[in-house]
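Just so you know, we're using the UniProt record's numbering here: the sequence shown kicks off at 1 and counts up by one.
We put the beta carbon where it would ideally sit given N, CA and C, even for glycine.
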Amino acid sequence: MILNTSIVGLLSILVKDPANISENSKGITPEIVNHTFIWNIVHDLHKRTPFNDLVFFISENLMTDPVRGEFFHNFWQNLPQIPLTIKINNSQKLNGYLSLPSMCLVFTSGEEDAIMETTAASMKGIRSIQTIFVLYSVSQTEDTFEVVSAIFSWAWKKQFMNTLLITLWNNIFIYDPYPRGRVVNITDNWSLENLFNFMERKDFKGYVIHTPVQRDFPRVFYMGRQRASRRNTTKLSGISGSLFRAFMKSINATLNYTSSPEEPKNIFQIIELVGNKSLEISVNSYTAMFKTISGLSYPVGINDWCLMVPYLNRTKANHFLSRSFHPSTWALIGFSCLYISLGIWLCSPPRQKDLSKSFLQAICSLMLIAPLKVLQLRLWRMRLLFVLLFVFGFLLTNIYLSKMASLLTAYSEPQQINSIEDIIGAQLPIMMMDYEYEVLLSYNFPQQFMDLIITVNKSQMDEHRDRLNTSYAYSSQTDRWKFLDMQQRFLKTPLFRLSQICIGPFFHVFPVQKDSHLDKPLKDFIILASDMGLLAHWKKVSFADALFLGYVQMIKIDEGLMPLNLHFFRSIWIIWSMGLVLSAVVFLVELNWALFCKIIDLIVDFLKKLRNKIYEV
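Next comes the structure, spelled out in structure tokens:
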């Protein structure tokens with residue numbers, strides 16, 4: 001028989017070198033296992049699903065077995081490539097070295113054999129590949145079934161899911177974890193079709209998954225009361241909660257809550273429970289901004305971490321006119337009035353030259369309200385000048401006036417907060433979680449920016465951010481911002497906007513044990529739900545549920561048509577008042593011009609006398 005593998009390797013991993021085998025393991029004569037039977041199974045499995053790599057883990061207790069050498073000698077004769085033998089005394093990870101599909105054979109003497117922990121450490125991240133445990137009994141008094149049960153219990157705890165165990169007398173055992181773990185002896189009725197089909201199973205037969213459910217809008221929250229229009233009577237809502245609930249239903253599993261649903265989310269506590277294998281998975285998803293000891297599911301989405309900042313209110317109505325034109329435009333308008341006034345003054349007859357009348361005529365001509373007295377002059381140069389002014393005013397009125405009118409009365413958006421410099425300039429306090437602050441420390445933001453940050457807990461953040469308190473800026477992920485933004489969809493001007501101060505992107509994931517049996521089914525379901533548009537649907541349903549419970553509110557501002565008040569004409573009042581003051585000053589000067597001239601003459605005479613005295617001295 002020839003094994004047609006493209007890459008075949010022999011990896012003999014020893015916790016100790018053969019020369020340093022402990023004395024208590026010497027002299028042990030393991031019971032013989034039918035190696036031909038093992039080889040036939042491996043060969044038939046390879047014919048069914050060709051695998052690229054074959055990995056061996058051999059216990060140090062079996063190094064004295066004389067049959068071991070004969071077994072591998074016969075094994076190599078059927079291999080098309082030269083085997084690679086590596087003997088090491090550490091737990092080198094094989095993830096990245098093996099190509100899928102692969103097969104792993106573990107030759108062990110029991111659950112407490114040192115090779116078991118070495119196998120677990122070496123296969124970390126790839127424990128879902130086909131694994132055959134070959135059990136050699138080293139004691140005649142051991143209960144074989146008890147040893148087999150202990151090995152399977154260890155394998156399930158370490159997330160070796162696709163397993164098979166061969167013992168003495170060609171006994172074959174498999175492990176059925178659903179709904180409760182049990183060891184099944186299939187020696188009398190086994191076939192290749194019912195070996196290593198664990199990854200294809202879709203029915204978990206009511207398998208119970210224990211997980212805490214903690215409040216985290218908009219991802220997970222608890223429905224204390226149901227909406228009348230809601231067909232589904234489940235009490236778990238939120239985008240992640242709805243996805244997880246549907247996933248449980250698709251694999252026929254049971255979800256068991258282990259904490260108060262009204263408790264705010266403590267993601268670090270959940271990750272710690274998953275990392276130390278107290279939990280298989282958590283329904284509370286999070287944005288993976290930091291390294292964790294737990295595994296990560298397939299991403300539900302991709303989130304950026306950004307700052308949501310208060311939207312600055314619109315420009316006041318009395319500032320429309322002043323902010324509608326650039327300062328250089330206003331300077332050009334003023335210069336136009338001056339040179340038109342000068343032109344009228346130069347073109348006027350010598351006896352009628354008056355600079356103030358020329359300036360008034362310039363303004364009236366630009367506004368198409370020229371005085372009739374000037375128009376009745378019989379001078380051709382004046383008539384030509386006013387014809388040009390009329391043409392200019394006509395074109396301005398008919399071509400640009402409508403555009404200018406809409407421009408002068410249009411809403412002028414003020415400069416918004418977009419950058420770190422804007423935050424520092426506005427001295428806007430920023431509210432965020434403590435772990436987010438720790439992440440920002442690695443990005444070398446300016447110290448003035450970091451000094452504005454206020455670290456709070458989950459409850460305080462929800463109290464201010466979910467209620468859209470405009471006294472602060474807040475940290476937010478993409479999915480959370482979209483949910484909050486739905487509250488202000490009916491506002492003409494929003495209360496908050498998303499700034500360009502962002503880091504990321506980061507994956508939005510569920511915390512799950514590494515090499516978990518839930519990993520692949522969850523990945524397939526997330527992809528299916530995304531392709532079918534269920535995530536967008538659950539987003540709308542979750543918002544409706546949160547709105548029903550009063551956690552969020554639709555902000556409506558009824559801005560009806562309001563009559564213009566005097567404040568709207570503030571710019572005009574200011575210009576008119578300045579004109580009155582200037583006119584009064586000019587009138588007083590003209591009224592007392594003779595007195596002013598006399599005073600000026602006296603001052604000049606005094607200065608002359610003072611100068612003469614200085615010269616005399």
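- Nearest in C-alpha terms to Ser99, of all of Gln77, Ile129, Ile527 and Thr258, is Ile129.
- Note on geometry: alpha-carbon atoms of Leu518 and Glu263 lie some 26 Å from one another.
- Sequence-distant partners of Leu495 (beyond 5 residues in either direction) whose C-beta falls short of 8 Å from its own C-beta, in its chain, are Pro310, Tyr311, Leu468, Thr470, Gln488 and Ile555.
- Distances from the alpha-carbon of Lys202 to those of Phe569, Phe543 and Phe525 put Phe525 closest.
- The beta carbon of Ile41 lies closer than 6 Å to none in the same chain, with the five residues before and after it left out.
- Under the three-state reduction of DSSP output, Ala150 falls in the helix class.
- The residue among Ser499, Ile58, Leu534 and Phe204 with its C-alpha nearest the C-alpha of Ile132 is Ile58.
- Taking all protein chains in view, the Cβ of Leu607 is surrounded by fewer than 16 other Cβ atoms within 10 Å, so the residue is classified as exposed.
- Annotated as proximal: Leu54 and Met103, with beta-carbon spacing under 8 Å.
- Trp190 carries a coil assignment under DSSP once its states are collapsed to helix, strand and coil.
- Annotation for Glu111: Val147, Ala150, Ile151, Ser153 and Trp154 place their beta carbon closer than 8 Å to its own, counting only its chain and skipping 5 residues before and after.
- Measuring C-alpha to C-alpha distances from Lys265 to each of Tyr286, Gln214 and Val300 identifies Gln214 as the nearest.
- The beta carbons of Phe160 and Arg127 sit closer together than 8 Å.
- Check the Cα spacing between Asn170 and each of Thr144, Tyr178, Lys158 and Trp156: the tightest is with Thr144.
- Tyr175 is not a Cβ neighbour of Lys205, given a cutoff of 8 Å.
- Minimum Cα-Cα distance from Pro429 among the listed residues Asn194, Gln77 and Tyr474 corresponds to Tyr474.
- Secondary structure of Gln488 (DSSP, three-state): helix.
- Across the structure, Val512 and Phe290 are spaced so that their CA atoms are roughly 15 Å apart.
- Listed as beta-bridge partners of Thr254 by DSSP are Val208.
- Only buried fits Asp216, as 16 or more other CB atoms lie within 10 angstroms of its CB.
- At the C-beta level, Ser285 and Ser242 stay beyond 8 Å of one another.
- Per the DSSP secondary-structure output, Ile267 pairs with nothing in a beta bridge.
- The alpha-carbon of Ile209 is positioned some 28 Å away from that of Ala544.
- Within the model, the alpha-carbon separation for Ile423 versus Gln500 is close to 11 Å.
- Annotated as distal: Leu165 and Leu195, with beta-carbon spacing of 8 Å or more.
- For Val220, DSSP records a beta bridge to Asp216.
- Across the structure, Gln226 and Lys235 are spaced so that their CA atoms are roughly 8 Å apart.
- Looking at the backbone, the Cα of Phe506 and that of Gly275 are separated by about 20 Å.
- For Gln477, no alpha helix (DSSP H) segment is defined; the enclosing uninterrupted segment is the beta strand (DSSP E) at Ala473 to Gln477.
- In the structure shown, Leu164 adopts extended strand secondary structure according to DSSP, grouped into three states.
- By alpha-carbon distance to Leu307, the top candidate from Tyr298, Ala120, Ile503 and Trp345 is Ile503.
- Taking C-beta atoms as the reference points, Asp44 and Leu192 count as a pair closer than 8 Å.
- Bounds of the beta strand (DSSP E) holding Leu498 are Phe496 to Val509.
- For Pro101, the closest alpha carbon among the candidates Asn162, Gln77 and Ala114 is that of Asn162.
- In this model, Leu452 and Tyr207 are separated by some 49 Å (Cα to Cα).
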